Every structure is written in C-alpha cells, then in structure tokens.
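Heads up, my numbering is the position in the sequence shown plus 297, with the first residue counted as 1.
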Amino acid sequence: FSYIVPMSGNLIKLATYMAQYFLTRSAHLRGVHVVGEKLFEISGEFPQLLDWEEYGLRIQVPEGATSEPCDIAIKAIVAGQFEFPEGTDLVSAVYAISVSKRLTKPVMLEIQHCVAITREEQGRFLSFVRAQCNQPQLPYQFEPLDNGTFPPHSDYGKIECKRFSCIATVRSHNPQQLTTGIVAIMI
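As structure tokens, this is what we get:
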C-alpha cells in the first residue's frame with residue numbers, strides 16, 4: 298500500500314506502525330481470500346473521494362465526517378466461507394472495512410457489481426448485504442440491508458454508511474425476499 302507521511306525519523310516509524318495496525322485490524326478474518334488491501338486517510342475538513350478503482354470501490358466522504366483525521370482500512374475479498382440470504386448470488390467483491398475513529402456523518406459507499414442494469418426496475422433484484430467481520434464462527438452470515446440504490450446504466454450501487462463491517466452486493470432470484478422493512482440503517 299502507499300502511505301505517504303511528510304515526516305522523518307521516529308514519526309515515520311510511528312506512522313508506518315499505525316498504518317500496518319489498521320490494515321491488520323481485520324486480519325482476524327478467517328476462511329477468506331484477500332486480493333487487495335488499501336489504507337486511505339481522511340481529514341474531515343473537506344469532501345473527499347476515496348477511489349479504489351482497481352477493486353471496484355469508491356467512498357464519498359462529506360465535509361465534517363470526522364472531527365479529526367483518521368484512516369479507513371479496506372480489504373477486498375473474492376472468496377471465503379460466506380453464507381448469503383437464500384435465493385441470492387454474490388455479484389461483487391466482499392469488502393472488510395474498518396475506520397480508526399468514529400465518523401460523525403455517514404459516507405457514501407459505491408460498490409461495483411457485475412450485473413447489467415438497463416431499466417430502473419432491474420435494480421430491485423440487487424441488494425447490499427453485510428456480516429460482522431468479528432463473528433466468532435464461520436461461515437460469515439450475511440443479512441440484507443434495505444437501503445441503497447442501483448441506478449440503470451451504472452456498474453455501481455450506492456449505500457450510505459456510518460459504521461462498517463463486511464459488505465457486498467447480491468442478486469436475488471425474488472426481489473421481495475430481500476425486503477426487510479428497514480427504513481434507514483447504519484452499517
């Protein structure tokens with residue numbers, strides 16, 4: 298990963314240690330195949346777009362999302378011991394996301410999926426799902442989230458989040474099956 302710190306000596310060692318800490322914080326993930334790791338720094342002073350195009354993830358961070366600078370560590374996972382809601386198929390990578398400080402405002406996650414959506418109603422067949430990264434036993438149990446959008450002619454779905462865990466996109470064989478009745482959710 299690239300983590301540039303405009304410091305020298307012991308401060309560089311400390312910054313390197315902290316960067317490694319946040320990347321390995323989700324190292325307790327068992328039974329998964331991680332293909333990429335990335336650490337982003339957010340300032341909170343101005344809006345930022347964290348773009349990890351290589352692994353299909355963007356995070357829009359609004360101004361004031363944090364009261365002080367913090368880091369967001371992400372692991373892109375392509376295989377693992379996962380259990381998704383019945384009648385669904387995984388259509389994106391799974392992202393294990395952790396943040397070093399609590400966010401004061403939600404951020405917008407944009408996750409790339411592999412479904413061609415040409416009409417708005419086709420987006421009903423897609424849903425975001427989440428699992429706790431720190432659950433004690435396998436497989437990771439994913440539950441549907443009732444918010445998020447999947448616009449036509451876009452390879453990305455969007456969902457607003459304030460807290461993080463493992464998140465992915467699934468396609469349902471029956472869109473009513475994914476409706477949980479939740480109006481707003483914090484991941």
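From the three backbone atoms N, C-alpha and C, an ideal C-beta is built for every residue, glycine too. All figures in this text were calculated on a predicted structure; none of them were measured in a lab.
In this structure, DSSP gives residue 365 a state outside helix and strand, which the three-state scheme calls coil. In the DSSP annotation of this structure, the continuous segment of the beta strand (DSSP E) that includes residue 395 starts and ends at 391 to 396. Looking at the backbone, the Cα of residue 458 and that of residue 468 are separated by about 20 angstroms. The three-state reading of DSSP puts residue 420 in helix, counting H, G and I together. Distance between residue 438 and residue 425, taken at the CA atoms: about 13 angstroms. Taking a 10 Å sphere around the C-beta of residue 427, we find 16 or more other C-beta atoms and assign the residue as buried.
Taking a contact as a CB-CB distance under 8 angstroms, the pair residue 447 and residue 394 does not count as one, their CB atoms being some 19 angstroms apart.
Collapsing the DSSP output to three states places residue 360 in coil. Bounds of the beta strand (DSSP E) holding residue 466 are 463 to 469.
Going by beta carbons, residue 353 and residue 409 fall inside the 9 angstroms limit.
Taken through DSSP and simplified to helix, strand or coil, residue 350 comes out as helix. Residue pairing from DSSP places residue 376 in a beta bridge opposite 330. Here residue 404 carries a strand assignment [DSSP, helix/strand/coil]. Under the criterion of beta carbons closer than 8 angstroms, residue 358 and residue 339 qualify as touching, at roughly 5 angstroms. Where residue 455 is concerned, the enclosing beta strand (DSSP E) starts and stops at 453 to 458.
Beta-bridge partners of residue 443 (DSSP): none assigned.
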